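Numbering (the working numbering), first residue to last: 366 to 630.
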């Protein structure tokens, strides 16, 4: 029986270096690699891939390659035949009525939504396991066609929220740039933190607005995500004689509260 070893690495280059250090091959020997787990990067957490490396005879490897080559050709042929049958079957299927079409579309939408929720849940489960944080998923709610709210709880939520919600904002931003969530928006909340944060932001807007009105000097606020900037914009708009302007690029975009120019154009 040939030697087998299990190696963990972050990428292919690292794996090759580990194999070269770990294996001593005879002239008639080579190795093959079986992927047990693919490497992953979840936000700021790197998860190494897991591989089974087996030493085999070169002749055995050639036999395996020939065997799989024949198997692949057979599979392609079967796929072509099956596709042809599918086309013939579609030709004889009667045209569904409009109600069946609508039901089918609704089922597709529901299936897609459920699949998205499952994908989001899987991501957060993996994140919690790999970060070893005391956090649990309470619920995942679909807010609209492309927006989902993830409700979390647990004694380690303070690490996710951070000071004044800065870590939470960065967490949501990092999720938004992941390729798997490209076409959807994921919001994270815990114990109505965002509702409490909104009240705090409105109080901040009123307080800073009064200072601008009394001194005439503009005030620059700290960088905020779009959702929080919108709350400040809205609250300041209720104060006569004030306006807000946005500057900078995400995720460091910020607001300035200032007085309107009194000049008549």
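The beta carbon of each residue, even a glycine, is placed where N, CA and C say it ideally should be. Keep in mind the model is a prediction, meaning the values are calculated, not measured.
I'd like the list of long-range same chain contacts for residue i, defined as Cβ closer than 6 Å, with 5 residues on each side in sequence excluded.
i           : result
residue 508 : 514
residue 555 : 517, 518 and 522
residue 398 : 416 and 418
residue 552 : 514
residue 482 : 505
residue 454 : Legend: pLDDT at residue 454 = 49, less than 50; position of this residue unreliable, no value from coordinates given.
Out of the options, point me to the one whose CA is closest to residue i's CA.
i           : options               : result
residue 601 : 583, 579, 567 and 617 : 567
residue 496 : 486, 521 and 558      : 521
residue 587 : 382, 385 and 530      : 530
residue 614 : 607, 599, 589 and 399 : 589
residue 527 : 559, 504, 543 and 502 : 559
residue 421 : 400, 395 and 486      : 395
residue 402 : 383, 375 and 488      : 375
residue 597 : 618, 616, 612 and 571 : 571
residue 574 : 547, 623, 428 and 564 : 623
Counting C-beta neighbours from all protein chains within 10 Å, is the total for residue i 16 or more, i.e. buried, or is it exposed?
i           : result
residue 580 : exposed
residue 625 : exposed
residue 577 : buried
residue 392 : exposed
residue 606 : exposed
residue 537 : buried
residue 609 : buried
residue 386 : exposed
residue 380 : buried
residue 562 : buried
residue 400 : exposed
residue 534 : buried
For residue i, does the three-state DSSP call read helix, strand or coil?
i           : result
residue 522 : helix
residue 383 : helix
residue 559 : helix
residue 371 : strand
residue 494 : helix
residue 612 : strand
residue 513 : strand
residue 578 : helix
residue 454 : Note that residue 454 scores a pLDDT of 49, beneath 50, so its modelled location is shaky and nothing firm can be said.
residue 568 : helix
residue 414 : strand
Looking only at its chain, what residues have a beta carbon closer than 8 Å to the beta carbon of residue i, apart from the 5 residues adjacent to it on each side?
i           : result
residue 373 : 413, 414, 415 and 416
residue 654 : Only positions 366 to 630 of the chain appear in the structure, and residue 654 is not among them; the question remains open.
residue 350 : Since the first residue shown for the chain is 366 and the last is 630, residue 350 is missing from the structure and cannot be characterised.
residue 550 : 511, 512, 513 and 541
What residues in its chain sit with their C-beta under 7 Å from that of residue i, if we drop five residues either side in the sequence?
i           : result
residue 643 : This structure gives no information on residue 643, because the portion of the chain shown stretches from 366 to 630.
residue 593 : 566
Pop quiz: residue i and residue j are said to be a contact at Cβ under 8 Å. What is the actual Cβ separation, rounded to whole angstroms?
i           : j           : result
residue 583 : residue 621 : 5 Å
residue 484 : residue 545 : 7 Å
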